[in-house]
Structures are given as C-alpha cells and as structure tokens.
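*Asks:*
2 protein chains.
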Amino acid sequence: MSEVDRTGGPGAVDVPSGQPARVATPGPGDPRLGRLSLNQRTTAGWSLREAIDGCLAAGLPSIGLWREPVAEVGLDTAVRWVQESGLRVSSVCRGGFFTVSDPDAVERAHAENVRALEETAALGAATLVLVPGGLPEGDRDLLAARERAAAAIERLVPEAESRGVVLGIEPMNPIYAADRGVLSTLAQALDIAERFTPQQVGVVVDTFHLWWEPGVREQVLRAGERIVSYQVCDWITPLPADTLLARGMMGDGHVDFASFSRWVAEAGYTGDVEVEIFNADVWAAPGADVVATLARRYVELVEPHLHV
Amino acid sequence: MSEVDRTGGPGAVDVPSGQPARVATPGPGDPRLGRLSLNQRTTAGWSLREAIDGCLAAGLPSIGLWREPVAEVGLDTAVRWVQESGLRVSSVCRGGFFTVSDPDAVERAHAENVRALEETAALGAATLVLVPGGLPEGDRDLLAARERAAAAIERLVPEAESRGVVLGIEPMNPIYAADRGVLSTLAQALDIAERFTPQQVGVVVDTFHLWWEPGVREQVLRAGERIVSYQVCDWITPLPADTLLARGMMGDGHVDFASFSRWVAEAGYTGDVEVEIFNADVWAAPGADVVATLARRYVELVEPHLHV
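Keeping their order, the protein sequence lines are chains A and B. The opening position of the first sequence corresponds to residue 1 in full-length UniProt numbering, with each subsequent residue numbered one higher. The opening position of the second sequence corresponds to residue 1 in full-length UniProt numbering, with each subsequent residue numbered one higher.
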C-alpha cells in the first residue's frame, strides 16, 4: 500500500526524492498528457497487465514495451491487451547487441533481431529500439565493434522494411561504451543512420545518454525526421553504485529538459515522449506513485517546451 | 609490509588484480622506463617524500605532482627535494574549476589558478593541468558553463605565458560532466585550445577520459604539438561504485593501449607518460607494489607502441 497522496494535492510526495510535489498531478483527459509514454522499465515491478492498467488509470495514452514482459504473457495475449487498452506502443525495447564477433553468435543475434522486428510489428509499434552492444569479452577493438554494429544494422534494414518497422539506433552514454553500447554520440549514430532512408533507420534521442554531447543541439536538429523516440530521464550525482541503474527522475539531476525538449521540438518531432528510468530507488516505490511523479515532472519540466 | 615479489620473477603478483606478473619488472637504468612518470595520485598513500623515493627506487625518471601534497611540505621544500632527486616534473595537477558563476567565486578561482601557475613554474614543470570544473549547484546550463571555462582559460593565458607555463586543458569522460569537468571530448578541448598558440594552451590526453571518443585518432593527430601530457589508465567494468575512483591499472580493462599510444606517437608526442590511477584497491596496496605493477604493465602494453 502506498502512503503517497497521488492527487498531487498539498500532501503529495515525489518519488524517490521524498520531496513535496511542486505541481498538481495531471489526470486522465489532461491534454498535457497527450504524448506521454511510460517505458515499462520505469516500473520494473509491474507486469505487462499492471503497466497497461497503470497507464490507463493515470491517463497516459502510450506505453514503451519491453520484449521480456511481453514474452511472459505471450505475444498474442500482449497484442490483444494492447489493442483492447487503446494505448499506443511508442517503441519496443530492444533489438541490437550487434557487436558479437563469433560467426555463430552473429547469426544468432541477427535471428533474434528478426524475431524482435516481428514482435514490434505485431504490437503495432513503429520503432524497434536498437542497443548496439558492448565489446566482446577480452576484445579491445572499439573501432571494429562499431563497424560490426553498422554492418549488422545494414543487414537488418530489409527485414525491418518488409515488416513496416523503423530501426531506432540508440546512442548510449560513454559510461556504457565497454559493456552495452559502443555507439556513444548522436553524431555517430546519425553517421550510420544517414546511410539509409529515414523510413529505414532513425535514432533514439535519450537525455541521459546525450545531455553532455558537445554540439548536441546541432545534432538533434540534424536528426530531424530521423528521431523515432524521445526518451527522458535525468543524470544524477553522485552516480548510483550500479551504473546500469544510474538514471534519475526528471528534475532530480543536471539535465536541462527545457532546452533539450525545445531542440527536439525544433527538429520537428511530434511523437510520444517516453519516460525511461532504471533506478533501484524508483523501482522500490509503488508503481502508481512513480507514474504520478513522472507525470508531474513531465508537465512541469518537459511538456511546456515541446511546442514550437 | 608487502608480500609481493617486486623482482617481477616467477612469484611476482600484479596489484590490484592479484594475477601473476606477465613480464619481468623493469628496474633502474632500463631504457624502456625513460619516459615513465608516476602521477602522485596513483600512490595516494605516499607523501611527497615517499613518492620521490619510490620513483628513484623503481627507476622512474619523472613524477606528476599534485598541489596538495606539495603544500603539505611547503613549496620551497618540495622544489628542493625535486631538484635534488633529479626527477623531471611531468605536470602539476591541478588548476581549473573555472565554471563557478558567482563573481566573487570567479575571482577566487582566477587567483587560485595564478598561484597554481607560480607553483608549477617553481617546480620546473612545463604544464599545469586544468580540470574544467562541473556545473554549479542547481545550475543546468551546460553550454554556459563551457563558455565560462573557455573565458577563464583566456584570462589565464597571459598569466601562464609570463611564467613560462603551458596550460593543459584536460577533457574529461562524460561521466564527470556534471560534477567535475564540463569539457567532454578532445575535439571540444582543441576547439578552445586552438584559439591560442600551442605555447600558450595545450591538451592533456588521458586514455580513461577519451578512449571511447568517436574519431579520437583524428583528434589526437589534430592535437599534435598541443599534447602536453599523455596519461594512461584503464576503463574497467563493472565500474567501481565511487566513480571518482573508477580508474583501473593498464591491462585490467577495455582500453586499447597499443592503438592509443601509437596515435599519440604519430601526433609527435615525445614527452613523459604519466600513470594516473584513482582506485581504492590500488590505493590499498603498498606503493612499491603499485609502482612495480604499473612499470610492468607500461613496458608490456604502452611503451612498445610509443615509437614511430
């Protein structure tokens, strides 16, 4: 049971900060929620059913799905639930992990990505998010790993195109360059994406990954119609001990969401805005409190700057 | 007391990995040590006296000094000890922290940097390493902080020039962009450095900070004679909980020292190579074992690639 007042009234408390809510919680029907999407990993304790119901209860029109919780209930059930809910699926996470070098592993990764594309299409999502992958064990050739990622994306393009799915390359904070994502800047992701049409390959713009990138405004504008997903969460310090869970609630850290969101809007992006927070403290909080907090922070810090 | 065999013979053990030494420990007079410098923070438990003696005992010809341990014994004593030792001072750490915005704080930072320049000149070092500084508390305007850093460097140039010291801008891994160094890539550091002559402003090339940077080879070559310090340590995963102590011994992580060192050599750099490792496990080991290990790893992984 949550002790948090989710009305966003005088007693409402933000999670995980424990600070008083600064704005009233927007509810179902509030037009400011029209583009807000809950990435499933933000409420990792919720099953797919709970996440769908949580979005509906809070008035969020969209959800970013992960393959694992979809697999738990089975693809057919997930598709039916999503269709019945009326929610949009803003993206599916995730394909990628392209940097393996063993030939058998390369084939397995490709086949897994094809399955991910099939699931993305079945779920009615326009985009499969691609996490590039890190360096194989003992391998220090970052340049070669980046080339393998680009080659694997190229090979995947016809598979995506035939299923009506756009591939979304997610450049990742250099903190993950060794073990998760060898593509480190939006500029680098665009250099690969631009070998293809925007209908084939786009980019995922995530504030946690990109807030520090020199010239990122120019890169966001360069991305333009290639932006297939805008994901928001904060960079907090001190960084939590587990760097994979280092993301913060918007407003708890150092990211300038006003500027970043304005650049994304200037680039022409009109799609959903996913809140994706991997954080042990967020995960320890009741899901409904997390959604209430992120909705408040979104309408305070992000949404006002999405209009140009 | 150390239980480690520092001869690098069959029983020698690397710290902090605990793995058997892979090469014999190079000793005093070994020509491969001719450019190796111990950054004082690698043996943080050592006083200045111990660090000087440790370098001499191990046959290292150079040391990278920090202002705090120098201040502990007093500048005059430090200068005398260094001169008597015959060691080169490869750099002095550190100036910088330019990103304060309060006018009084700006003046204090400038005055502190002038003092750092005076100490650098007195110690006979050619370079003062500049750590740019992070975002002030509650400030999310990264672009403005970067501009303040550039402006503060410009103001410092005549002070450095009149003392015969080259300013060395140290671009820092984006993991520190919020709280320590707002300049995040070598390209960004060079964009600032190139407003001045190479005799005025150079760059510090540190593998931990830059190993992931897209196009870093081209940036190292672009840097050319502006490289005032080459610092080596590894990027290890999982990242230690305290990110300020996240650096690893060369060979324990993901950095391709062969390629990186070759690029630095191709850029024309012929100066000292500093080993700078902030790591709680390294600090917990006896200083002499740390120096023996880094000397072995240096002659194995770095030194062979410094010749073009």
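All residues carry an ideal CB built from backbone N, CA and C; glycine is no exception.
Pairing CB atoms from the segment 132-149 of chain A with CB atoms from the segment 72-92 of chain A, are three or more of them under 8 Å?
*Replies:* No: the two stretches stay apart, fewer than three of their Cβ pairs being nearer than 8 Å.
*Asks:* According to DSSP, what are the bridge partners of B:Tyr230?
*Replies:* As a working mapping, residue 230 of chain B is identified with position 230 in the second sequence. Paired residue(s): B:Val205 and B:Val273.
*Asks:* Among residues of its own chain, excluding the 5 on either side of B:Glu161, which ones have a beta-carbon nearer than 7 Å to its beta-carbon?
*Replies:* Numbered from 1 along the second sequence, position 161 holds the residue referred to as residue 161 of chain B. Excluding sequence neighbours, B:Glu161 sits near Gln200.
*Asks:* Can you find the residues in the same chain that come closer than 6 Å, C-beta to C-beta, to B:Val4, ignoring five residues on each side of it along the sequence?
*Replies:* Mapped onto the second sequence, residue 4 of chain B falls at position 4. Confidence at B:Val4 is low in this model, with a pLDDT of 48, below 50, so the placement of that residue should be treated as unreliable; the coordinate-derived value is given next. Once the five neighbours on either side are set aside, the close Cβ partners of B:Val4 are Val13 and Asp289.
*Asks:* What does B:His254 touch in chain A if you count any residue whose Cβ is under 9 Å from its own?
*Replies:* Counted from its first residue, the second sequence places residue 254 of chain B at position 254. Chain A residues near B:His254: Gly134, Leu135, Asp139, Arg140, Leu142, Ala177, Ala178 and Asp179.
*Asks:* By the three-class DSSP mapping on this structure, what secondary structure does B:Ser101 have?
*Replies:* In the second sequence, residue 101 of chain B corresponds to position 101, counting from 1. Looking at B:Ser101 - three-state DSSP - the assignment turns out to be coil, as it is neither helix nor strand.
*Asks:* To test your reading of the DSSP string, which unbroken alpha helix (DSSP H) runs of 4 or more residues are found completely within the segment 145-227 of chain A?
*Replies:* Counting whole runs of 4 or more residues, the segment 145-227 of chain A contains the alpha helix (DSSP H) stretches 186-193, 207-210 and 216-223.
*Asks:* On the premise that A:Pro136 lies in contact with A:Val114, defined as a C-beta separation below 8 Å, what is that separation, rounded to the nearest angstrom?
*Replies:* Residue numbering aside, residue 114 of chain A sits at position 114 when the first sequence is read from its first letter. Residue numbering aside, residue 136 of chain A sits at position 136 when the first sequence is read from its first letter. At roughly 21 Å, the Cβ-Cβ gap does not stay under 8 Å, so A:Val114 and A:Pro136 are not in contact.
*Asks:* Would the segment 277-291 of chain B count as touching the segment 259-268 of chain B if we require 3 or more Cβ pairs under 8 Å?
*Replies:* Verdict: no, contact absent.
*Asks:* Here's a check: name, in chain order, each residue in its chain whose Cβ is nearer than 6 Å to the Cβ of B:Arg226, leaving out the five neighbours to either side.
*Replies:* For the purposes of this step, residue 226 of chain B is taken as residue 226 along the second sequence, with counting starting at 1. The answer, listed in chain order, is Ala193, Pro198, Gly202 and Val203.
*Asks:* For B:His254, which residues of its own chain have a beta-carbon under 6 Å away from its beta-carbon, when the five flanking residues on both sides are left out?
*Replies:* In the second sequence, residue 254 of chain B corresponds to position 254, counting from 1. The answer, listed in chain order, is Trp235.
*Asks:* In terms of residue numbering, what span does the alpha helix (DSSP H) encompassing A:Leu36 cover?
*Replies:* Position 36 of the first sequence holds residue 36 of chain A. No alpha helix (DSSP H) holds A:Leu36; the beta strand (DSSP E) holding it covers Leu36 to Asn39.
*Asks:* Which value, in whole angstroms, describes the spacing of the CA atoms of A:Phe260 and B:Leu239?
*Replies:* In the first sequence, residue 260 of chain A corresponds to position 260, counting from 1. In the second sequence, residue 239 of chain B corresponds to position 239, counting from 1. Each residue's alpha carbon lies about 28 Å from the other.
*Asks:* I want to verify the contact list: residues of chain B whose CB lies under 8 Å from the CB of A:Ala187, in sequence order.
*Replies:* One-based indexing of the first sequence puts residue 187 of chain A at position 187. Within 8 Å Cβ-Cβ: Pro214.
*Asks:* Are the CB atoms of A:Gly96 and A:Leu130 nearer to each other than 8 Å?
*Replies:* Numbered from its first residue, the first sequence carries residue 96 of chain A at position 96. Numbered from its first residue, the first sequence carries residue 130 of chain A at position 130. In this structure, A:Leu130 lies closer than 8 Å to A:Gly96 by Cβ.
*Asks:* Using the Cβ count rule (16 or more neighbours within 10 Å means buried), how would you classify B:Thr77?
*Replies:* The residue labelled residue 77 of chain B in the question sits at position 77 within the second sequence. Exposed: under 16 other Cβ atoms inside 10 Å.
*Asks:* Find the residues of chain B that neighbour A:Leu239, judging by a C-beta separation of less than 8 Å, and give them in chain order.
*Replies:* Translated into the one-based positions of the first sequence, residue 239 of chain A becomes position 239. Here the neighbours are Ile175 and Thr243.
*Asks:* Apart from the five residues on each side of it in sequence, which residues of its chain come closer than 8 Å, Cβ to Cβ, to B:Val299?
*Replies:* Looking up residue 299 of chain B in the second sequence gives position 299. Here the set comprises Val23, Pro26, Asp30, Arg32 and Leu33.
*Asks:* When you compare the CB of A:Trp46 with every CB in chain B, is at least one pair closer than 8 Å?
*Replies:* Counting from one through the first sequence, the residue named residue 46 of chain A turns up at place 46. Taking Cβ atoms only, chain B never reaches closer than 8 Å to A:Trp46, which makes this a no.
*Asks:* Using a Cβ-Cβ cutoff of less than 6 Å, which residues in the same chain neighbour B:Gly124 once the five nearest sequence positions on both sides are dropped?
*Replies:* Translated into positions along the second sequence, residue 124 of chain B becomes position 124. Same-chain partners within the cutoff: Val89.
*Asks:* Taking Cβ to Cβ, would you say A:Gln188 is nearer than 8 Å to A:Asp206?
*Replies:* As a working mapping, residue 188 of chain A is identified with position 188 in the first sequence. As a working mapping, residue 206 of chain A is identified with position 206 in the first sequence. The answer is no: Cβ separation not under 8 Å.
*Asks:* Could you tell me whether the Cβ of B:Trp283 comes closer than 8 Å to any Cβ of chain A?
*Replies:* As a working note, residue 283 of chain B is residue 283 in the second sequence. Closer than 8 Å: no.
*Asks:* Please work out which residues of its chain come closer than 8 Å, Cβ to Cβ, to residue 315 of chain B, disregarding the five sequence neighbours upstream and downstream, and give them in chain order.
*Replies:* With chain B running from 1 to 308 in the structure shown, residue 315 of chain B is simply not present.
*Asks:* Hey, would you say A:Leu190 sits closer than 8 Å to A:Ala223, going by beta carbons?
*Replies:* On the first sequence, residue 190 of chain A is found 190 positions in, with the first residue counted as 1. On the first sequence, residue 223 of chain A is found 223 positions in, with the first residue counted as 1. Yes, the Cβ-Cβ distance between A:Leu190 and A:Ala223 is below 8 Å.
*Asks:* Quick one: give me the first and last residue of the alpha helix (DSSP H) that A:Val302 is part of.
*Replies:* As a position in the first sequence, residue 302 of chain A is number 302, starting the count at 1. From DSSP, A:Val302 is part of no alpha helix (DSSP H); its letter is neither H nor E.
*Asks:* To the nearest whole angstrom, what separates the beta carbons of A:Met172 and A:Gly164, a pair I think is in contact under 8 Å?
*Replies:* Mapped onto the first sequence, residue 172 of chain A falls at position 172. Mapped onto the first sequence, residue 164 of chain A falls at position 164. With 8 Å as the limit, A:Met172 and A:Gly164 do not qualify as a contact, their Cβ atoms being about 26 Å apart.
*Asks:* Nearest CA to the CA of A:Glu84: which residue from A:Leu245, A:Trp66, A:Ser62 and A:Pro69?
*Replies:* Translated into positions along the first sequence, residue 84 of chain A becomes position 84. Among A:Leu245, A:Trp66, A:Ser62 and A:Pro69, the Cα nearest to that of A:Glu84 is on A:Ser62.
*Asks:* Using a Cβ-Cβ cut-off of 6 Å (strictly less than) and excluding sequence neighbours within five positions of A:Tyr176, which residues of its own chain qualify?
*Replies:* On the first sequence, residue 176 of chain A is found 176 positions in, with the first residue counted as 1. Result list for A:Tyr176: empty, nothing under 6 Å.
*Asks:* Taking a contact to mean a Cβ-Cβ separation below 8 Å, would you say B:Gly134 touches B:Asp104 in this structure?
*Replies:* Taking the second sequence and counting its residues from 1, the one referred to as residue 134 of chain B is at position 134. Taking the second sequence and counting its residues from 1, the one referred to as residue 104 of chain B is at position 104. Their beta carbons are not under 8 Å apart, which means B:Gly134 does not touch B:Asp104 by this criterion.
*Asks:* Of all Cβ atoms in chain A, is any one closer than 8 Å to the Cβ of B:Ser184?
*Replies:* Taking the second sequence and counting its residues from 1, the one referred to as residue 184 of chain B is at position 184. Interface residue, yes.
*Asks:* Tell me the residue span of the beta strand (DSSP E) that contains A:Ser90.
*Replies:* Position 90 of the first sequence, counted from the first residue, corresponds to residue 90 of chain A. Its beta strand (DSSP E) spans residues Arg88 to Gly96.
*Asks:* Can a CB atom of chain A be found closer than 8 Å to the CB of B:Ser17?
*Replies:* Stepping through the second sequence from its first residue, residue 17 of chain B is reached at position 17. No, because no Cβ of chain A sits closer than 8 Å to the Cβ of B:Ser17.
*Asks:* Is A:Glu119 closer than 8 Å to A:Val82 when the C-beta atoms are compared?
*Replies:* For the purposes of this step, residue 82 of chain A is identified with residue 82 of the first sequence, where counting begins at 1. For the purposes of this step, residue 119 of chain A is identified with residue 119 of the first sequence, where counting begins at 1. Not a contact, by the Cβ cut-off of 8 Å.
*Asks:* Identify the residues that DSSP records as bridge partners of B:Ser17: which are they?
*Replies:* Taking the second sequence and counting its residues from 1, one reaches residue 17 of chain B at position 17. Paired residue(s): none; B:Ser17 is not in a bridge.
*Asks:* Taking C-beta pairs closer than 7 Å, name the residues in chain A that B:Trp235 reaches, listed in chain order.
*Replies:* Residue 235 of chain B sits at position 235 when you count from the first residue of the second sequence. Ordered by position in chain A, the residues that pass the 7 Å Cβ test against B:Trp235 are Ala178.
*Asks:* Would you kindly work out how many angstroms separate the C-alpha atoms of A:Pro158 and A:Met250, rounded to a whole number?
*Replies:* Here residue 158 of chain A refers to the residue found at position 158 of the first sequence. Here residue 250 of chain A refers to the residue found at position 250 of the first sequence. Roughly 37 Å between the two C-alpha positions.
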